[in-house]
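Residue numbers (our numbering): 2 to 363.
Glycine included, every Cβ here is placed at the ideal spot set by N, Cα and C.
Bear in mind that the values here come from a model prediction, so they are computed numbers and not experimental data.
Taking it in order: structure first as C-alpha cells, then the write-up.
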C-alpha cells in the first residue's frame, strides 16, 4: 500500500496524463493545420517569386520587341536605307559594346564574397566550354555550311547576358545578385570576343582573318577586369560618359535586328520559321542545355542563389552580337537575325519556367 501522500501524487499524475490524452487530438489537429498553413505560405512564396520572375522577363522582353518593331518599320517605310545596317554594325562593335563591357565590370572586388566568385566563375567556364563542344559536335553532325555553322554555334553558346540576364538577376536577388552576375559574365566577355570571332572565321584563309586579341571587345574586357580586381576606378565624368554610350548597345542592337529582318524576303522568313534547325537551336539555347548541364548541381549543397543566377543567365535568348558577327564576318545574317528574334520571343515563357523547375527541384 502506498502512503496517503503518494496516492495523492499518483492521482495527480494520472489526472495529468488523462488530460494530456484528451488534448492530444486537439494538438494533432492544431499542428496539422499549422503545417498546412506553413506549406501554403511556402507555396505562395514560390508562386510569388515565379510571378516576379515572369513579370521581370516580360517587362524586359516587351521593351526589346518594341525597339525591334521600330527598326523593322523604319526600313519598311523607307526612313532608313538598307545600307544603314553596316553603320549600325560598326557603331555597335567598335564603340558602344566596348563601353558597355568596361562599365559592366567597373565594380569593386570584395574578399568576403570570394567563395561565391569562385563558384560563379566555375559555373560559367563549365557551361561555356561544355556548350562549345556540343555546338561544334552537332554542327559537324548536321553537316552545316561554313556560313551557317559559325552562326549556329554562337547562337547556342552566347546569350543576351549583359542586358536581359543582369536585369532579371537584379530584380530577383538585388545588388548582391548583380555582383555575382557580373562575375559570371567575365569569362563570357572573353570568349565572345575571341572564340566567337574565331568560329565565324573558321575555314577562311589565314590572311583574311581578323585578329582575335587586338579588337575593341577583348581590349575593353581586359581593361574592365583590371578595374574589377585592382583598387582603381575611372573618374566619374569619364565613367558617366562611357556608361551613357554603353547603354545605347541594346536599343541599337534590336534596331539593327529589326532592319536585318525587314530586308529578309517574306518567303525566306517563312522558310526559317518552318526550319527544324531554327527551333532546335532556340530550344537548346533556352531550355535543354541550361537544364541538363546544371541539373546535377541541384543535388549538392551549393546555395540556391548562386545556382539560380547561373541558370537564369545561361538561359537568356541568343545575343544580338551574333547578328553583328554574321554581318561583319560573312555569316548567315538572315538566319542569325531570325533566331535572335525568335529566341527573344520564346524566352518570355522559358525563363520563368526554367526558374520554377529549379526552384521546385532544389
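Assigned secondary structure, residue i (DSSP; H/G/I helix, E/B strand, else coil)
| i | result |
| --- | --- |
| residue 160 | strand |
| residue 276 | coil |
| residue 131 | helix |
| residue 319 | strand |
| residue 216 | coil |
| residue 108 | coil |
| residue 329 | helix |
| residue 309 | helix |
| residue 137 | helix |
| residue 233 | coil |
| residue 303 | coil |
| residue 99 | helix |
| residue 286 | helix |
| residue 143 | helix |
| residue 114 | helix |
| residue 271 | helix |
| residue 266 | coil |
| residue 81 | coil |
| residue 74 | helix |
| residue 63 | helix |
Extent of the continuous alpha helix (DSSP H) run through residue i
| i | result |
| --- | --- |
| residue 260 | 250-263 |
| residue 196 | 167-201 |
| residue 299 | Counting along the chain, residue 299 falls outside any alpha helix (DSSP H), and DSSP gives it neither H nor E. |
| residue 244 | 237-247 |
| residue 293 | 290-295 |
| residue 91 | 85-92 |
| residue 383 | Any question about residue 383 goes unanswered here, given that the chain covers just 2 to 363. |
Beta-carbon proximity list for residue i, same chain, < 8 Å, skipping 5 on both sides
| i | result |
| --- | --- |
| residue 256 | 68, 69, 71, 72, 75, 89 |
| residue 92 | 253 |
| residue 249 | 97 |
| residue 170 | 178, 179, 181, 182, 310, 313, 314 |
| residue 203 | 147, 150, 151 |
Close beta carbons around residue i, own chain, < 6 Å, minus the five adjacent residues each side
| i | result |
| --- | --- |
| residue 359 | 312 |
| residue 315 | 128, 291 |
| residue 224 | 103 |
| residue 83 | 264 |
| residue 120 | 307 |
| residue 161 | 317, 318, 320 |
Residue of the options minimising C-alpha distance to residue i
| i | options | result |
| --- | --- | --- |
| residue 307 | 228, 204, 181, 155 | 181 |
| residue 261 | 201, 167, 232, 329 | 329 |
| residue 326 | 156, 114, 277 | 156 |
| residue 302 | 362, 159, 192 | 362 |
| residue 277 | 61, 118, 143 | 143 |
| residue 60 | 172, 194, 189, 100 | 172 |
| residue 331 | 146, 226, 251, 80 | 146 |
| residue 347 | 322, 317, 324 | 317 |
| residue 351 | 192, 289, 81, 78 | 289 |
| residue 77 | 189, 298, 267, 305 | 267 |
| residue 251 | 115, 321, 175 | 321 |
| residue 118 | 81, 275, 304 | 304 |
Contact set for residue i: own chain, Cβ-Cβ below 7 Å, skip 5 residues either direction
| i | result |
| --- | --- |
| residue 140 | 150, 153, 154 |
| residue 110 | 229, 230 |
| residue 63 | none |
| residue 137 | 154 |
| residue 196 | 133 |
| residue 194 | 216, 218, 219, 222 |
| residue 158 | 129, 132, 133, 136 |
| residue 344 | 283, 286, 287, 318, 319 |
Is the region 322-340 touching the region 277-288, taking contact as three or more C-beta pairs under 8 Å?
-> yes
With contact counted as at least three CB pairs below 8 Å, one residue from each stretch, are the region 178-189 and the region 122-137 in contact?
-> Judged by Cβ distances under 8 Å, the region 178-189 makes contact with the region 122-137, as three or more pairs qualify.
Within the chosen definition, does the region 94-107 reach the region 227-240 through at least 3 CB pairs nearer than 8 Å?
-> yes
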